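Residue numbers (our numbering): 10 to 264. Backbone N, C-alpha and C define an ideal beta-carbon position, used for all residues, glycine too. Quick caveat, the model's predicted, so the values are computed rather than measured. Working notes for the structure below.
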């Protein structure tokens with residue numbers, strides 16, 4: 010059994026996963042994020058439209074023209090800020106979508122490979138419900154030192170970003186502050202005020218285009234690095250949660 014292949018990543022499947030992810034990112038940029046390319050011009054147009062729509066209220070005998078131009082400028086600034094917030098939220102939704110899809114595809118691959126040599130629902134259910142850390146532990150037990158890679162660090166950061174985006178305040182925000190503060194915008198930075206980072210909360214979550222690309226590159230690097238095959242001789246001590254699930258299925262099957 011030591012030479013038996015328990016997990017295998019077929020070349021065409023690997024390429025399909027990579028191409029599917031790259032298509033998602035390419036189309037997200039083209040169809041969604043590109044819509045925010047001309048925010049300055051759109052804000053200026055919003056300012057001009059405000060002036061046009063308010064022109065019938067202007068009375069030269071009672072109003073100062075500068076007040077109207079200032080109000081129009083404020084309208085443009087507000088429009089730009091709202092559009093900027095929408096862009097940031099759209100980018101975060103793209104990141105959440107790509108991370109969840111990657112995570113589902115990873116679990117699906119593990120489950121399909123397990124089903125080649127194991128019968129039972131408990132182990133399968135555990136793979137689907139296990140948290141990110143447990144799945145990483147399972148991958149490490151296959152001889153894949155994934156936690157020492159740069160792409161795993163990025164994927165873990167991406168996980169925290171997505172959890173903060175989804176849940177707001179909570180453990181993920183605390184971990185993000187501690188491990189990856191670069192994804193939290195400190196709006197008071199440079200103000201000279203002490204301990205400004207303590208005031209940072211989930212509303213400070215912000216990811217740039219470059220950081221989005223880094224997350225995307227990490228997913229591609231992950232799929233490229235999945236071992237072609239894992240034989241029994243390469244598997245070290247399995248995580249207890251997975252071992253117990255396998256044993257439970259085996260016990261149920263023998264009854």
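Rounded straight-line distance, which links the Cα of residue j to that of residue i
i, j, result
"residue 158", "residue 230", "10 Å"
"residue 134", "residue 123", "12 Å"
"residue 223", "residue 208", "27 Å"
"residue 131", "residue 254", "6 Å"
"residue 160", "residue 228", "7 Å"
"residue 56", "residue 94", "18 Å"
"residue 181", "residue 105", "14 Å"
"residue 156", "residue 87", "44 Å"
"residue 310", "residue 166", "Here the chain has residues from 10 to 264 only, and residue 310 is not among them."
"residue 163", "residue 78", "46 Å"
Distance CB(residue i)-CB(residue j) smaller than 8 Å
i, j, result
"residue 59", "residue 81", "yes"
"residue 23", "residue 232", "yes"
"residue 174", "residue 101", "yes"
"residue 170", "residue 216", "yes"
Candidates the options, of which the one nearest residue i by Cα
i, options, result
"residue 191", "177, 214 and 175", "214"
"residue 108", "237, 245, 62 and 141", "141"
"residue 44", "92, 238 and 212", "92"
"residue 16", "252, 239, 249 and 250", "239"
"residue 35", "95, 103 and 75", "103"
"residue 52", "40, 83, 184 and 193", "83"
"residue 136", "118, 151, 152 and 153", "118"
"residue 261", "145, 194 and 128", "128"
Where the beta strand (DSSP E) containing residue i begins and where it ends
i, result
"residue 17", "14-17"
"residue 171", "It is not in any beta strand (DSSP E) - residue 171 instead sits in the alpha helix (DSSP H) that spans 159-176."
"residue 239", "238-240"
Counterpart residues of residue i in DSSP-defined beta bridges
i, result
"residue 91", "Bridge partners of residue 91: none, in fact."
"residue 193", "214"
Boundaries of the alpha helix (DSSP H) in which residue i is found, first to last residue
i, result
"residue 219", "218-234"
"residue 125", "Residue 125 -> no alpha helix (DSSP H), and no H or E assigned at all."
"residue 156", "Premise fails: residue 156 is in no alpha helix (DSSP H) and is neither H nor E."
"residue 243", "Looking at the DSSP string, residue 243 is not in any alpha helix (DSSP H), and its letter there is neither H nor E."
"residue 45", "From DSSP, residue 45 is part of no alpha helix (DSSP H); its letter is neither H nor E."
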